[in-house]
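Under the numbering used here, think of the first position of the sequence shown as 67, with each following residue one higher.
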Amino acid sequence: MNLLTDLDEFPTALADLVISLITVHGWTLLLTTLVTVAVLLALRMVAGWLRHRAWARQARLVEILPPPDSDLSGAEALWTQMLGLLRPAWKRLLSGQPHVVWEYVMDAHGLHVRLWVPGPTPPGLVERAVEAAWPGAAATARPVPPRATVRTHGGHLRLARPDHYPIAAQHEDDPIRSLIGAAGAPAPAEQVLVQVAVRPVTGRRLRRANRAAAQLRQAHSAGAGVFDALTPGGSRRSASLMALRPEVSGEIRAILAKSTAPRLETCVRYLITHPAEGAEGRERRRGRAHAVAAAFAVFTGFNHYRRRWVPLLADRLAHARWLGHGDLLSAKELAAVAHLPVDETVPGLERAPARPTPPPPGIAADDPGTRLLGLADAAGARPIGLRVADARHHMHVIGGTGTGKTTFLLNMILDDVAKGRGLVFIEPKGESDHLLSRVPKEAADQMVLIDPDDNAPPPALNVLAAGRGERERSADMVTGIFRRIFADSWGPRTEDILRSACLTLAGTGHAGLANIPRLLENASFRRRATASLDDPVLKGFWGWFDDLSEPARAHATAPLMNKLRSVLLRGFARDLLATTDRGLDLRALLDDGAVIIARLPKGVLGEDTSSLLGSLLLAQVWNAVLSRARQAESERRDIGIYLDECQNFLTLPYGIDDMLAEARAYRAGLVLAHQDLSQLPRDLREAVSANARSKVFFDVSPEDARSLARHVRPNLAEHDLSHLAAYQAAARLVSGGALSPSFTLRTRPLPPPAKGRATAVRKTARAHTQPAP
């Protein structure tokens with residue numbers, strides 16, 4: 067046949083040729099075709115498996131700790147973002163399309179949520195996507211553990227109808243609640259694993275699903291048109307048909323909605339592990355597997371899941387995280403299946419710790435004009451400092467035992483000492499022992515130690531020494547401190563006696579707290595002390611006192627004497643307060659940059675004595691600060707006043723809010739530290755909240771977190787404050803005179819102690835400290 071002349075006969079000739087070939091070689095051609103197709107499919111499967119093994123060798127597991135609250139919108143955002151993992155066509159042809167696997171793991175330790183991420187996925191990409199989808203979540207990558215040889219039972223869940231039919235994606239309650247319930251309380255060696263493998267889908271797969279949806283719509287439209295053509299009043303009858311079969315219309319709307327949404331290829335797999343052998347073990351695994359699979363009935367909508375058992379390959383497929391041909395789910399459907407638990411309370415679920423938050427740009431670093439606080443724990447571990455001028459706005463530090471509060475305080479003090487700034491540190495727990503072995507050797511000459519465990523006599527502290535015009539203030543201060551510390555057993559007569567005794571002794575050669583018992587009990591001493599009084603009211607008091615009978619006098623003074631004896635019977639307190647000289651010149655010491663450390667452990671001194679001595683010392687320090695009013699502002703050196711367990715020492719007779727407001731003008735910055743808000747009376751709590759403007763909060767109770775969260779919003783929340791790690795703190799600092807946004811920091815470890823340094827510092831401090839005579 068000539069194609070140029072017999073072109074019209076070519077199709078017939080070609081058909082005859084094909085028929086003759088099939089007639090002669092039919093079985094051979096069919097077998098060859100089948101073998102070729104089988105080989106190609108096998109090669110494709112082997113190539114896919116080898117690619118997957120290569121991805122799995124470099125894979126990682128991303129452990130996800132949920133934030134305190136989450137919803138399905140975060141999951142939808144995550145899965146929509148995962149579409150960005152789709153590779154170009156040429157790259158998919160050469161090396162395939164990687165997938166991720168969302169996993170729920172339920173075992174004796176609780177519920178764990180994690181993502182398996184293949185090697186080709188860039189490090190950090192999925193982790194950042196998770197933390198962006200659920201603000202406050204924590205995503206941490208770790209290597210994939212090796213497969214263990216265990217007894218298992220499992221299967222697959224596949225869509226029962228074509229995947230253009232959607233499953234239920236709208237739920238009033240958390241859709242995985244039933245799954246968590248089906249897992250129950252696993253035994254120690256038992257594990258329930260549910261995997262949702264997810265892969266971005268190619269355009270060809272989506273077009274095929276879209277064509278199926280379009281064909282269904284056209285079929286319905288054609289059926290309605292035929293009904294209209296055969297019956298009068300077509301459009302109204304068509305509406306009647308729609309009314310008679312509303313489920314058809316609903317299906318079409320749902321299918322079309324799914325066809326326009328972002329979609330991903332998925333496969334759901336479950337695996338039950340239990341070590342029990344024999345029939346009992348098999349039945350337990352099978353029963354638990356049945357319950358887990360049945361829990362997916364909650365997703366039944368226009369489509370639903372159907373179980374497919376793979377008893378021999380379930381373990382291998384689950385460990386390999388293999389994804390072959392899967393079902394298409396929209397991002398919304400997938401979010402319902404694979405998401406972080408929505409319920410506020412989920413048994414065995416560990417929530418995320420506080421989210422690391424970077425410091426704002428204006429926060430100072432470490433330089434001679436700052437106090438070093440710690441290191442940022444987000445966006446690089448840069449130093450975090452507080453400018454000395456900003457430290458005058460005072461700082462509130464709160465945190466329980468073991469949170470890192472003491473380490474934070476000691477590091478700040480060591481930084482002040484190293485930079486030559488004067489300070490006072492009063493603490494009731496004995497923590498200053500850690501300080502003495504770490505202070506710079508050259509700072510020993512600046513140290514003043516008040517320590518009951520020191521073998522040498524303590525420095526002299528005369529709380530009644532007063533100049534002209536200061537007697538009343540000294541008496542008010544001592545009386546007010548006693549009244550607050552012993553409030554449960556305090557009365558007007560006790561206060562009258564103590565105030566009169568203090569006014570009598572203050573400003574005389576007999577000034578000294580230890581002389582009050584002599585004044586009240588020794589008539590001859592009392593006559594000498596009162597001989598020069600010119601105040602008629604005070605003279606009248608002593609006239610009344612002397613007119614009392616001995617028993618009446620003892621009865622009147624007994625409440626005061628038992629309080630004084632509780633202090634003065636302790637040798638250290640008596641030695642500290644017994645002097646009648648002026649004692650320590652705190653004003654001069656602080657102006658010279660001295661470091662005054664008062665170690666007043668409750669376990670050695672008793673709670674009341676520790677509080678009384680610390681309060682009296684703080685009052686004397688405050689008097690020294692107020693005396694700076696006669697100094698030019700440029701001559702006032704910055705000093706820090708550190709009070710650990712501050713509630714023990716803030717018993718002064720004047721308002722702490724006034725004290726904090728005035729201290730800034732005299733360049734004194736207070737650091738007020740304690741463990742929880744319940745330790746502070748309401749007036750003190752409100753004063754500290756308002757006037758200690760810089761806030762550093764270590765891990766606190768949920769109750770305290772609710773009260774403190776207003777100081778750190780919006781960057782941090784209640785959950786963050788009650789889930790801070792050890793040595794991690796939430797901070798909001800004054801920077802440039804204004805409050806900065808909150809952030810998180812980590813304390814620096816204390817420097818190693820220097821051998822023999824504490825002994826040398828104590829020896830040097832004794833040499834230049836005036837002891838009590």
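Think of the CB as a built atom: it goes at the ideal place given N, C-alpha and C, for glycine as much as any other residue.
Are the beta-carbon atoms of residue i and residue j separated by less than 8 angstroms?
i, j, result
"arginine 453", "alanine 430", "yes"
"tryptophan 200", "proline 164", "no"
"leucine 571", "glycine 578", "yes"
"glycine 221", "alanine 359", "yes"
"leucine 635", "leucine 527", "no"
"histidine 777", "lysine 761", "yes"
"isoleucine 722", "valine 754", "yes"
"alanine 263", "leucine 389", "yes"
"leucine 718", "alanine 685", "yes"
"valine 267", "arginine 329", "yes"
"leucine 666", "valine 633", "no"
"histidine 460", "leucine 726", "yes"
"glutamate 193", "alanine 207", "yes"
"glycine 546", "proline 625", "no"
"arginine 702", "arginine 694", "yes"
"leucine 502", "alanine 824", "yes"
"proline 211", "alanine 125", "no"
Going by CA-CA distance only, name the one from the options that's closest to residue i.
i, options, result
"alanine 455", "Pro266, Asn781, Val800", "Val800"
"alanine 226", "Phe365, Ala249, Thr89, Arg271", "Phe365"
"leucine 439", "Ala796, Ala824, Leu805", "Ala796"
"methionine 148", "Arg537, Leu160, Ser161, Trp168", "Trp168"
"serine 127", "Thr810, Arg814, Ser161, Arg387", "Serine is not the amino acid found at residue 127; the sequence shown has leucine there. Of Thr810, Arg814, Ser161, Arg387, the residue nearest in Cα terms is Arg387."
"leucine 671", "Leu774, Leu750, Lys495", "Lys495"
"arginine 217", "Leu736, Leu337, Val529, Pro819", "Leu337"
"proline 427", "Leu415, Ala442, Arg417, Pro413", "Ala442"
"arginine 271", "Glu331, Asp239, Arg319", "Glu331"
"valine 258", "Ile233, Ala195, His178, Cys333", "His178"
"valine 844", "Leu716, Trp375, Ile246", "Any question about residue 844 goes unanswered here, given that the chain covers just 67 to 839."
"phenylalanine 552", "Ile516, Ser325, Gly466, Ser681", "Ser681"
"serine 700", "Lys668, Arg733, Ile707", "Arg733"
"serine 555", "Asn628, Thr574, Thr99", "Asn628"
For residue i, list the residues DSSP reports as bridge partners.
i, result
"cysteine 861", "Limits of the chain in this structure are 67 at one end and 839 at the other, which puts residue 861 out of reach."
"alanine 11", "Any property of residue 11 remains undetermined from this structure, which presents the chain solely from 67 to 839."
"tyrosine 170", "Val179, Val260"
"threonine 218", "Thr339"
"phenylalanine 763", "Ile464, Ala796"
"tryptophan 375", "Gly221"
"glycine 649", "Leu527"
"tyrosine 708", "Phe491, Val737"
"glycine 440", "Ile450"
"leucine 805", "Val800"
"serine 396", "Arg329"
"valine 661", "Leu489, Met513"
Can you find the residues in the same chain that come closer than 7 angstroms, C-beta to C-beta, to residue i, ignoring five residues on each side of it along the sequence?
i, result
"arginine 437", "Gly451, Leu452, Val454, Ala457, Met478, Asp481, Asp482"
"alanine 235", "Lys398, Glu399, Ala402"
"arginine 302", "Here arginine 302 scores only 47 on pLDDT, less than 50, and its place in the model should not be relied on; the value that follows carries that caveat. No residues qualify anywhere along the chain."
"glycine 822", "none"
"arginine 350", "His340, Ala342"
"alanine 357", "Ala248"
"leucine 656", "Gly488, Ala690, Ile705"
So, at 6 angstroms on beta carbons, what are the nonlocal neighbours of residue i in its own chain, with the 5 sequence-adjacent residues on each side left out?
i, result
"aspartate 82", "none"
"arginine 832", "Ala522"
"alanine 309", "Low local confidence applies: a pLDDT of 46 at alanine 309 is under 50, so the model's placement there is unreliable, and no value is given."
"histidine 405", "Leu138, Ala141"
"alanine 838", "Only weak support is given to the placement of alanine 838: the predicted model assigns it a pLDDT of 47, under 50, and the value that follows is read from those uncertain coordinates. Hits under 6 angstroms: Pro523, Ala526, Asp641, Ala644, Thr645."
So, does the CB of residue i fall closer than 8 angstroms to a CB anywhere in chain C?
i, result
"serine 755", "Protein chains in the displayed structure number just one, and chain C is not present."
Less than 7 angstroms separating the Cβ of residue i from some heavy atom of the ligand ADP?
i, result
"valine 412", "In terms of ligand content, the structure shown is empty, and the ligand ADP therefore cannot be addressed."
Among residues of its own chain, excluding the 5 on either side of residue i, which ones have a beta-carbon nearer than 8 angstroms to its beta-carbon?
i, result
"proline 817", "Leu480, Arg504"
"leucine 787", "Ala420, Phe763, Asp765, Val766, Asp770, Ala771, Leu774, Ala775, Val778, Ala796"
"asparagine 781", "Thr423, Pro807, Ser808, Phe809"
Say whether the stretch 487 to 505 touches the stretch 649 to 662, bearing in mind that this needs 3 or more beta-carbon pairs closer than 8 angstroms, one atom from each stretch. These segments touch.
Should the stretch 696 to 713 be called in touch with the stretch 737 to 755, which here means at least 3 C-beta pairs below 8 angstroms? Between the stretch 696 to 713 and the stretch 737 to 755, the count of C-beta pairs closer than 8 angstroms reaches three or more; the two stretches touch.
Are the stretch 167 to 174 and the stretch 239 to 254 touching, with three or more C-beta to C-beta distances below 8 angstroms? yes
Inspect the CB distances between the stretch 581 to 600 and the stretch 557 to 567 and report whether three or more fall short of 8 angstroms. yes
Stretch-stretch touch, CB-based, cutoff 8 angstroms, three pairs: the stretch 418 to 430 with the stretch 126 to 146: yes
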